[in-house]
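J.: My structure is below; once you've seen it, I'll send some questions.
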Amino acid sequence: MIYIVLFFLVFSVLLYVLLAGADFGAGVLELFSSKENQAVTKKTLYRVMGPVWEANHIWIIISIVILWVAFPLFYNVLVVSLHIPITLMLLGITLRGVAFVFRHYDAFIDRSQIVYDWMFRISSLVTPIFIGMIFGALLSGKIIIGNNQNTFFELYISGWFNLFSILIGIFFTSLCTFLAAILLIGESDATTRKVYVKKARIATVSVVLLGFISLSYGYFTNNTFIGIFVESKWALAIVILSGILLFPLWWSIKNQRRIYSRFFAGVQVICILAAAFIPIFPELIFTKTSSINLLENIAPNSTIRVLGITLIIGGTIILPGLFHLLKSFKMIKILER
Amino acid sequence: MDNLDAARLQMAFTLIFHIVFACVGMVMPFFMITSHYKWIKTRKKVYLTLTKSWQKGVAIFFVTGAVSGTALSFELGLLWPEFMKHAGPIIGMPFSLEGAAFFVEAIALGFYLYGWNKIPEKFHWITGVIVGVSGVASGILVVAANGWMNAPSGFDYVDGVFSNIDPVKAMLNKAWFTQALHMTLAAFASTGFAVAGIHAYQILKGRQMDVHQAAFKIAITFGAIAALLQPLSGDLSAKDIAKRQPAKLAAMEAHYETEKGAPLYIGGIVDNETQEVKYKIAIPKALSFLAFGNFDAEVKGLNDFPKDERPNVAIVHYAFQIMVSLGGAMATAALIFFFTYFKKQSWWQKNWFWWLFVLIAPAGFMALEAGWIVTEVGRQPWIIHGIMRTKDAVTPVPGIVVSFYMYVVLYLTLTIAVAWLMNRQIKALNQSQLIA
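Protein chains in written order, with my numbering: chain G, 1 to 337; chain A, 338 to 773.
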């Protein structure tokens, strides 16, 4: 049963990264666009994301509930050591969510749109940086689980406010932007297409570059995680695979294959996460002195059993509904053309 | 301010904020689909206009409720990590079901908001029904978790260790039914009165009478029925608390000495030093009757509990008085509404009638917040009644006061923003062209 729970955890984290990631990335794209393109992006974003974005963001709640129910000690380390970046991430999620609705549901369109727009764009940039920094902190080997002997800075800041975590934060944000650019290419017309293709190219280059920089920085500072990563055959195989899969991605963008390009972009992100986490699983947090195993200290069997059943039932209700939602609005768009 | 106080204040403040949005997001879909149903049946344009106007309200409130709910799902752990470490595996079941219900709601809302003229009309309407039903379901499920904190069950607790965990039994705890019933009715009553009051004000101003009268009727019907049922549900809750949490009941009633045939105090100023309640109205034997259904039953007083197991009497007593009196006022207003509706429609021409519903509009939410203060402050010093103290659950991270102020600024801004947006929605509605 624990593997069913684990499956749903991985599944919801993946979907959050893919769906909400593309959503954050779209805001970042809007931020780094010329004025006319900002207006176009805003419109497209509303059309594409409007019906589904709320559902996209619920994956984080599902992930967090699974974590606290099934892996309470693991969750405990997160909420205590990473209290500050999590709070800042929540601030970003809140501002971004309300800005999205405000700008699309306000009864009048006037100068207040400027406020909503900037709030939306800036929080779209800041939130994924903090999410990435949280991932980075887990792998940084800087978290200190200590006691009264340690200072505030050591216990609650140094774990996430370090160069490695910040690099991962920026890397994650560029990954989101990459996803969004590919998504929006499929939604654009002939004139704006070029803009998004160019942005997708920039995003891809920055993902590769930032990945390389983070990797080398980790390597030269003797980061435990990077040490395992570099020596892992799994990681090597997946990185090679994702390199090869870049070719069909570019082919499908060039030939305007909307579904394929999205699929291959998603695969890229899954590859990156898989390359990072498969070699170290189940040890998912590297602290300064040791590592924390996800599968140790799990909740009692009765809890895992009930959670597993709940997830299966919930999944069978939610997934077809979600699929139908995504599909029907895509189909409508095709009919409209 | 020490860390515990800051954490409690932050939790209270974020919940006070979230609960309003959650309730509106949970109840307003029912108004919306009622109006939508009337549009399908009668094809009167007012109902279409009203449905579309309300759905924007639903969207704004749903998202604000959703983001503040996301924040809360983290806050439970951020502020009370010790609590979550032990409680998480025990009460996880209602939370995971709530997550599922909430997800269904978001999917259905996606269909509903974007489905106009795109999906078959009946299916479209049904997605609206699903939004409402799954919203109420998530509310009820979340209350199960709170009920467990009041009536912990589904585990053995020996020497500080939780064992033999049974999540199903924990979910079906003894407090769940009465609390969920009381909360669901409260959500309908407070949202009904608040929405009705807003439309009553527009009627007073003589704007778009057709739409606002239709809106008023739908909202107040839901609100009035709930307000009339609420005293019955309150009675169930009181009897339940008398049995399970006598210290909470004693604090609600500012009842210090154990006695048989205990009097009921109405109002009054609590002096915790002298253990006296000044300027109260005392009804002999009424407390014994209300709590146990027997005029001579013994009601335990606060002095029978160790000093460190008593909640703050003044806060709980005042909050309880506020809740009951506002609830009573709403039930009276509900009776007046039904009376006019069936017997005296002519009163609808009178200004005082509309002023009544304008003035009572905030009463529901004030009563609802007061009620939550009663149940939460009344449970103190426990976070899990009789098992874990709140001070033992609080986070070791210092400086929570900073994040408390951050949330105060954030949520006050959001409250102002949402109120301003609603005002603009109404303005737009008043400017819209209607063909009746």
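In this text, a Cβ means the ideal position worked out from N, Cα and C, and glycines have one as well.
Predicted, not measured: the structure shown is a model, and the values here were computed from it.
#1: Verify whether the separation of the beta carbon atoms of A:Thr799 and G:His83 is less than 9 Å.
#2: Tell me whether A:Gly529 is buried or exposed, calling it buried when 16 or more other Cβ atoms sit within 10 Å of its Cβ.
#3: Would you say G:Val13 lies against chain D (beta-carbon separation less than 9 Å)?
#4: Could you work out which residues of chain G lie near A:Phe358, taking near to mean beta carbons separated by less than 9 Å?
#5: Within its chain, find whatever has a CB closer than 7 Å to the CB of G:Ser33; leave out the 5 residues flanking it on each side and keep chain order.
#6: Strictly under 9 Å for the Cβ-Cβ distance: is G:Leu311 near chain A by that measure?
#7: Tell me whether the beta-carbon of G:Tyr75 lies closer than 9 Å to the beta-carbon of A:Gly414.
#8: With a 10 Å radius around its C-beta and 16 neighbouring C-beta atoms as the bar for buried, classify G:Glu36 as buried or exposed.
#9: Which residues in chain A have a C-beta closer than 8 Å to the C-beta of G:Glu54? List them in chain order.
#10: Per DSSP, G:Asn293 is paired with what?
#11: Verify whether the separation of the beta carbon atoms of G:Ile58 and A:Gly436 is less than 9 Å.
#12: State buried or exposed for G:Trp251, treating a residue as buried only when at least 16 other CB atoms are found within 10 Å of its CB.
#13: Go to A:Glu613, then tell me how far its alpha helix (DSSP H) extends in each direction, as first and last residue.
#14: Thinking C-alpha only, which one of A:Ile535, A:Trp417 and A:Leu409 is nearest A:Asn760?
#15: Verify the contact flag: G:Ile58, CB atom, against every heavy atom of the ligand FMN, threshold strictly below 8 Å.
#16: In whole angstroms, give me the CA-to-CA distance for A:Ala754 and A:Gly598.
#17: Answer with buried or exposed for A:Ala343, where buried requires no fewer than 16 other C-beta atoms within 10 angstroms of its C-beta.
#18: Could you give the distance in angstroms between the alpha-carbon of G:Val5 and the alpha-carbon of G:Gln38?
#19: Please state the DSSP three-state secondary structure of A:Lys375.
#20: Along the stretch 455-468 of chain A, what residues have a CB closer than 8 Å to any CB found in chain G?
#21: Measure the C-alpha to C-alpha separation of A:Arg345 and G:Phe152 and round it to an integer number of angstroms.
#22: Starting from A:Asp547, trace the beta strand (DSSP E) in both directions and tell me its first and last residue.
#23: Can you find a CB in chain G that lies within less than 9 Å of the CB of A:Asp339?
#24: Grab the span of the alpha helix (DSSP H) containing G:Tyr3 for me, first residue to last.
#25: What's the gap between the Cα of G:Pro282 and the Cα of A:Gly715?
#26: Tell me whether the stretch 661-681 of chain A and the stretch 311-324 of chain G touch, counting them as touching only if at least three CB pairs, one residue from each stretch, are closer than 8 Å.
#27: Taking the straight line between their C-alpha atoms, what separation do you get for G:Leu19 and G:Asn56?
#28: For A:Ile697 and A:Ala651, which I take to be in contact (beta-carbon distance under 8 Å), what is that distance rounded to the nearest angstrom?
#29: What are the boundary residues of the beta strand (DSSP E) that G:Ala274 is part of?
#30: Using a Cβ-Cβ distance under 9 Å, would A:Met589 count as near chain G?
#31: Cβ closer than 7 Å: which chain G residues qualify as neighbours of A:Pro418?
#32: Can you find a CB in chain A that lies within less than 9 Å of the CB of G:Lys288?
#33: Grouping DSSP H, G and I as helix and E and B as strand, with all else coil, what is G:Lys288?
#34: Figure out for me which residue from A:Met743, A:Gln762 and A:Pro600 has the closest Cα to the Cα of A:Ala408.
#35: Are the stretch 285-304 of chain G and the stretch 131-149 of chain G touching, with three or more C-beta to C-beta distances below 8 Å?
#36: I need the boundaries of the beta strand (DSSP E) containing A:Ile763, first residue and last residue.
T.: Straight from the coordinates:
#1: Look at the range of chain A in this structure, 338 to 773, and you will see that residue 799 of chain A is not part of it.
#2: Your numbering for residue 529 of chain A matches position 192 in the second sequence. Burial call: buried.
#3: No chain D is present in this structure, whose protein chains are G and A.
#4: In the second sequence, counting from the first residue as 1, residue 358 of chain A sits at position 21. Neighbours of A:Phe358 on chain G: none; closest Cβ ~10 Å, over 9 Å.
#5: In the first sequence, the residue the question calls residue 33 of chain G occupies position 33. Contacts found: Thr41.
#6: Here the question's residue 311 of chain G lines up with position 311 in the first sequence. Interface residue, yes.
#7: Stepping through the first sequence from its first residue, residue 75 of chain G is reached at position 75. Stepping through the second sequence from its first residue, residue 414 of chain A is reached at position 77. Yes, Cβ-Cβ distance for G:Tyr75 and A:Gly414 is below 9 Å.
#8: Position 36 of the first sequence, counted from the start, is the residue given in the question as residue 36 of chain G. So G:Glu36 ends up on the exposed side.
#9: Stepping through the first sequence from its first residue, residue 54 of chain G is reached at position 54. Per Cβ cutoff of 8 Å: Phe399, Val400, Ala403, Ala443, Leu446 and Gly447.
#10: In the first sequence, residue 293 of chain G corresponds to position 293, counting from 1. G:Asn293 is bridged to G:Glu283.
#11: Here residue 58 of chain G refers to the residue found at position 58 of the first sequence. Here residue 436 of chain A refers to the residue found at position 99 of the second sequence. Yes.
#12: Position 251 of the first sequence, counted from the first residue, corresponds to residue 251 of chain G. Exposed, because fewer than 16 other Cβ atoms sit within 10 Å of the Cβ of G:Trp251.
#13: Here residue 613 of chain A refers to the residue found at position 276 of the second sequence. Element bounds for A:Glu613: not the alpha helix (DSSP H) but the beta strand (DSSP E), Glu613 to Lys615.
#14: In the second sequence, residue 760 of chain A corresponds to position 423, counting from 1. A:Asn760 has its Cα closest to that of A:Ile535, out of A:Ile535, A:Trp417 and A:Leu409.
#15: With respect to small molecules bound, the structure shown includes none, and the ligand FMN cannot be examined in it.
#16: The residue labelled residue 754 of chain A in the question sits at position 417 within the second sequence. The residue labelled residue 598 of chain A in the question sits at position 261 within the second sequence. Those two C-alpha atoms are separated by around 51 Å.
#17: By 1-based counting over the second sequence, the position of residue 343 of chain A is 6. That one is buried.
#18: Sequence index remark: in the first sequence, residue 5 of chain G carries index 5 (1-based). Sequence index remark: in the first sequence, residue 38 of chain G carries index 38 (1-based). Approximately 41 Å, taken between the alpha carbons.
#19: As a working note, residue 375 of chain A is residue 38 in the second sequence. Of the three classes helix, strand and coil, the one that applies to A:Lys375 here is helix, per DSSP.
#20: Lys455 and Ile456
#21: Working through the second sequence from its first residue, we reach residue 345 of chain A at position 8. Working through the first sequence from its first residue, we reach residue 152 of chain G at position 152. About 21 Å.
#22: Start at 1 with the first residue of the second sequence, and residue 547 of chain A comes out as number 210. A:Asp547 -> not in any beta strand (DSSP E); alpha helix (DSSP H) instead, spanning Met546 to Arg581.
#23: Locating residue 339 of chain A in the second sequence gives position 2, where the first residue counts as 1. So no, A:Asp339 is outside the interface.
#24: Working through the first sequence from its first residue, we reach residue 3 of chain G at position 3. Ile2 to Leu15 is the span of the alpha helix (DSSP H), which, as asked, contains G:Tyr3.
#25: Translated into positions along the first sequence, residue 282 of chain G becomes position 282. Translated into positions along the second sequence, residue 715 of chain A becomes position 378. One C-alpha to the other measures close to 43 Å.
#26: no
#27: Locating residue 19 of chain G in the first sequence gives position 19, counting from the first residue. Locating residue 56 of chain G in the first sequence gives position 56, counting from the first residue. Each residue's Cα considered, the two are about 6 Å apart.
#28: Start at 1 with the first residue of the second sequence, and residue 697 of chain A comes out as number 360. Start at 1 with the first residue of the second sequence, and residue 651 of chain A comes out as number 314. That pair is no contact at about 26 Å.
#29: Residue 274 of chain G sits at position 274 when you count from the first residue of the first sequence. It is not in any beta strand (DSSP E) - G:Ala274 instead sits in the alpha helix (DSSP H) that spans Arg258 to Phe277.
#30: Walking along the second sequence from the start, residue 589 of chain A turns up at place 252. No, its Cβ sits nowhere closer than 9 Å to a Cβ of chain G.
#31: Along the second sequence, one-based indexing puts residue 418 of chain A at 81. Those are Asn76, Val79 and Val80, listed as they occur along chain G.
#32: By one-based count along the first sequence, residue 288 of chain G stands at place 288. No, no contact with chain A.
#33: Working through the first sequence from its first residue, we reach residue 288 of chain G at position 288. Coil.
#34: Numbered from 1 along the second sequence, position 71 holds the residue referred to as residue 408 of chain A. Closest by alpha carbon: A:Met743.
#35: yes
#36: In the second sequence, residue 763 of chain A corresponds to position 426, counting from 1. No beta strand (DSSP E) holds A:Ile763; the alpha helix (DSSP H) holding it covers Ile737 to Gln768.
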